[in-house]
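See below for the structure under consideration.
2 protein chains.
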Amino acid sequence: MANSVSSKIEKANEEAVKRILSAECNLVDIESAGKIIPGFKNDLFTHAGPPIEWERMCRTQKYAITNLIRYEGLADTPEKAARLAETGEVTIEPNHNYDAVSGMCGATSASLPVLVVKNPVHGNTSYCLQQTSLTAFGNKYETITELDFVRNTLAPVLKATIKEAGGINLKEILATGIQMGDELHGKLDGTRSVFVSRLLPHIVKTDFDKDTLAQVGEYFNTNPGRWYGGNLMMASCKAMMDPAKNIKYSTIVTAMSRNGVDFGIQVSGLGNEWF
Amino acid sequence: MANSVSSKIEKANEEAVKRILSAECNLVDIESAGKIIPGFKNDLFTHAGPPIEWERMCRTQKYAITNLIRYEGLADTPEKAARLAETGEVTIEPNHNYDAVSGMCGATSASLPVLVVKNPVHGNTSYCLQQTSLTAFGNKYETITELDFVRNTLAPVLKATIKEAGGINLKEILATGIQMGDELHGKLDGTRSVFVSRLLPHIVKTDFDKDTLAQVGEYFNTNPGRWYGGNLMMASCKAMMDPAKNIKYSTIVTAMSRNGVDFGIQVSGLGNEWF
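Keeping their order, the protein sequence lines are chains H and P.
Adding 1320 to a residue's 1-based position in the first sequence gives its number in the numbering used here.
Adding 1320 to a residue's 1-based position in the second sequence gives its number in the numbering used here.
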C-alpha cells in the first residue's frame, strides 16, 4: 500500500504544496530580457501560453509580435515583420521556455526591460515584462511612446529604486493587496498603491532629476500604470509555482496559460509538456 | 400641514443631507495651528469632545495637555504644567470651538502643524493635528522626538508637496480606501497607501534633500505613520459635516465626539451646544 501509485502521488503532491506555500518572491532587479534571461537572443520573441504556429495565432498576438519585431529594428513595416515571423527567420517561443510570463497575447523581446523576481527559498528566478498596450493588446505601433517611457524612464528609475531598497518583498505586497479586495487581474489598486508606498523611501534616494521621478509618479496614478500590480503578480506567481515543477508522480498543475487560441496546463510530474 | 413643525424639520433635514452629500474636502495646506487657525493663541490648548473642567479630565487627556504645555515652553516640569492648567493660566477649550478635530484625549497647541482641509463647495475649512503618541495617548514626554519629526520634517515636506500638487482631493482618497476595506479608525492601510501614491508625483518635485524625503517615506511605511489616514479622515469629515450646522429646525447630528469622560453630540438646529 505504501508503495502504491496513489500513495506516491499523495506524497509527491504534499511536497509540491509544501514548496508552493513556503516560496517567497522578491523583486531584485529590472533589466532587459536579452541581458538578464539566460538564452534570450536578439531574434527571439516570446508569448504567453503553450506553443502555437504563426498561422494559427490570433491577430492580437501576431500584432504584438510584429510590433516588437519592428521595435527591435529587424523590420521597418508590419508586412516585413510578419514575413520574418512566417518564414521562421525570427524565433517565436512560449515565455515558459525562458522562466518568463506575460499577459495573454503579450510578447517579450530582447530589449524589453523585465521584472526579475527571485524566490530566495528555492533559489529560482522568474521574469515578466512591464505590460503596455503595444506589447499586449495588439495596439497600433504609434503607441510606441508608452513603451519608450517604460524602457527609458520607468525601468531605469525602478531598477535604481530596487537597488536602494535592497530588493522588494512582493509576497507581502500582493497579500496586502488581496486583503484590500484586489483579485490581481481586473482589480489592482490596493497592490499598486502599497507597492508605490514601499517605493517612496527609496525612489527619492536615486539620482534621477525631479521631472523624471515625477513622470514615474504620474505613471502609477494614471491609466498607463493602472495594471502594474498585474506584472508583479505574474512574475511572483511563477517564482512561487516553479519550485513545484518536476516532482515525480506529482499531479499538481504548475502552470495555466493561454496564447489567445489554446489554453494549456503543465503538470508537475510531467515536466514542460503542455496539455 | 405644510407649516407644521414636522414638515419644517423634514425640509431642514433634507437641506442638511444635501449639503453633506455635496461637500468636498481638499487638503490645501499644513501650517502651525497658531498661524492658521483664527483666534488660536499661544496659551491655548484644545481637546476632543465637549468642554470639560480640568478636575474631571481623565489622566490620559491631562497628560497630552501637560506634555504640550511643556513642549510650548510654558513650563519645564509636568507639575508646573499641571498647575498652569489647574489655575486657568492657560486656556483649555474643545477643538470644535476652532473648527478643529483630534482623536479622543488628543491635544493641539499653537506650534503644532495641522492639516488644513477646505470644502470648496461650501467654503468652510477644518483643521486636524497629525497624531503622535505624545499628543494623543498620554505617552511620556520623552517620545517628543516623534513630535519633533512631525513638526520639523514631515509637515514642511508635506506642505511643499501639497503646494506642488495644487491641493489633494481627500474625498476621492478616503472613498477609495473605504472600498479597500478601511473603516478609517482601526484599519487605514488602503487610505494611507493611496494617499502616498498620490503624493509621489509631487513630493519628488520639492527641494528637500534625499535623506529628508526618505525619512518621510519611511514614516508612512512604519508604525509611527500607520494612523495617518485617521488624520485625513477626521479633518475631512469635519469639513464635510460643518456645512450642515446651524440649519434652523434640522435635527441632524453634526458632531459626535468624546473627551475621555463625556460623549457629546451637536445638533444642526441647536448650534454649538453640546448634548
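For glycine and all other residues, C-beta sits at the position ideal for the given N, C-alpha and C.
Everything numeric in this text was worked out from a predicted model, so none of it was measured.
Neighbourhood of residue i by C-beta, 6 Å cutoff - its chain only, sequence neighbours within 5 removed
i              : result
residue 1545/P : 1539
residue 1516/H : 1540
residue 1371/H : 1414
residue 1427/P : 1365, 1367, 1384, 1385, 1388 and 1455
residue 1552/H : 1490
residue 1513/H : none
residue 1336/P : 1564, 1567, 1570, 1572 and 1588
residue 1467/H : 1452 and 1454
residue 1578/H : 1369 and 1424
Distance between residue j and residue i (C-alpha atoms, nearest Å)
i              : j              : result
residue 1420/P : residue 1453/P : 19 Å
residue 1341/P : residue 1576/P : 18 Å
residue 1386/P : residue 1431/P : 14 Å
residue 1357/P : residue 1486/P : 20 Å
residue 1339/P : residue 1574/P : 11 Å
residue 1505/P : residue 1498/P : 11 Å
residue 1510/P : residue 1537/P : 16 Å
residue 1380/H : residue 1425/H : 6 Å
residue 1583/P : residue 1524/H : 44 Å
residue 1359/H : residue 1530/P : 39 Å
residue 1463/P : residue 1400/P : 19 Å
residue 1469/H : residue 1437/H : 22 Å
residue 1494/P : residue 1595/P : 29 Å
residue 1329/P : residue 1503/P : 31 Å
residue 1488/P : residue 1591/P : 30 Å
Member of the options whose CA lies at the smallest distance from the CA of residue i
i              : options                           : result
residue 1527/P : 1480/P, 1488/P and 1502/P         : 1480/P
residue 1586/P : 1373/P, 1443/P, 1369/P and 1331/P : 1369/P
residue 1348/H : 1435/H, 1406/H and 1366/H         : 1435/H
residue 1471/P : 1494/P, 1332/P and 1351/P         : 1351/P
residue 1324/P : 1594/P, 1569/P and 1414/P         : 1569/P
residue 1519/P : 1535/H, 1529/H and 1508/H         : 1535/H
residue 1292/P : 1476/P, 1460/P and 1442/P         : Nothing about residue 1292/P can be read from this structure; chain P reaches only from 1321 to 1595.
residue 1561/H : 1484/H, 1416/H and 1583/H         : 1416/H
residue 1410/P : 1589/P, 1508/P and 1394/P         : 1394/P
residue 1355/H : 1425/H, 1433/H, 1336/H and 1400/H : 1433/H
residue 1547/P : 1580/P, 1422/P, 1482/P and 1496/P : 1422/P
residue 1447/H : 1329/H, 1550/H, 1473/H and 1469/H : 1550/H
residue 1378/H : 1580/H, 1595/H and 1591/H         : 1580/H
residue 1492/H : 1557/H, 1408/H and 1359/H         : 1557/H
residue 1483/P : 1521/P, 1469/P, 1494/P and 1461/P : 1521/P
residue 1362/P : 1328/P, 1488/P, 1412/P and 1445/P : 1412/P
residue 1392/H : 1473/H, 1399/H, 1418/H and 1429/H : 1429/H
residue 1353/H : 1503/H, 1465/H, 1445/H and 1594/H : 1445/H
residue 1555/P : 1592/P, 1593/P and 1418/P         : 1418/P
Contacts that residue i makes with chain H (C-beta to C-beta distance below 9 Å)
i              : result
residue 1541/P : 1517, 1518, 1520 and 1521
residue 1501/P : 1499, 1500, 1501 and 1510
Proximal chain H residues relative to residue i, where beta-carbon distance stays under 7 Å
i              : result
residue 1538/P : 1521
residue 1618/P : Lying before the first or after the last residue shown, residue 1618/P is absent from chain P, which here runs from 1321 to 1595.
residue 1377/P : Residues of chain H passing the Cβ test: none, with the nearest at roughly 37 Å.
Contacting residues, own chain, Cβ-Cβ under 8 Å from residue i (five flanking each side not counted)
i              : result
residue 1397/P : 1390
residue 1501/P : 1507 and 1510
residue 1382/P : 1374, 1402, 1405 and 1458
residue 1532/P : 1473 and 1477
residue 1331/H : 1569
residue 1496/P : 1510, 1511 and 1514
residue 1542/P : none
Chain P contact residues for residue i, given Cβ-Cβ distances below 7 Å
i              : result
residue 1525/H : 1530 and 1534
residue 1514/H : 1513
residue 1496/H : 1509
residue 1424/H : Near residue 1424/H there are no residues of chain P at all, since even the closest Cβ is about 27 Å away, more than 7 Å.
Cβ-heavy atom distance, residue i to the ligand ATP, below 6 Å
i              : result
residue 1451/P : Among the components modelled here there is no ligand, and therefore nothing to report on the ligand ATP.
Nonlocal neighbours in the same chain, by C-beta distance under 7 Å from residue i, ignoring five residues either side
i              : result
residue 1439/P : 1343, 1344, 1345, 1559, 1560 and 1563
residue 1333/P : 1570, 1571 and 1572
residue 1442/P : 1339, 1343 and 1563
residue 1376/P : 1581
Proximal residues of chain P, C-beta to C-beta of residue i below 9 Å
i              : result
residue 1354/H : The premise fails here: residue 1354/H is roughly 30 Å from chain P at the closest Cβ pair, so nothing lies under 9 Å.
Interface flag, residue i vs chain C, CB-CB below 7 Å
i              : result
residue 1587/P : You won't find chain C in this structure, because its protein chains are H and P.
- Message: Could you tell me which whole alpha helix (DSSP H) segments of length 4 or greater appear in the stretch 1359-1405 of chain H?
- Response: Qualifying alpha helix (DSSP H) stretches, in chain order: 1379-1391.
- Item | Completely contained beta strand (DSSP E) runs for the stretch 1337-1362 of chain P, where each covers 3 or more residues | Within the stretch 1337-1362 of chain P, the complete beta strand (DSSP E) runs of at least 3 residues are 1346-1352.
- Message: Give the list of continuous beta strand (DSSP E) stretches no shorter than 3 residues that lie fully inside the stretch 1473-1549 of chain P.
- Response: Unbroken beta strand (DSSP E) stretches of 3 residues or longer found wholly inside the stretch 1473-1549 of chain P: none.
- Item | Entirely enclosed alpha helix (DSSP H) segments - the stretch 1417-1473 of chain H, minimum 4 residues | As far as the stretch 1417-1473 of chain H is concerned, its whole alpha helix (DSSP H) runs of at least 4 residues are 1453-1456 and 1464-1469.
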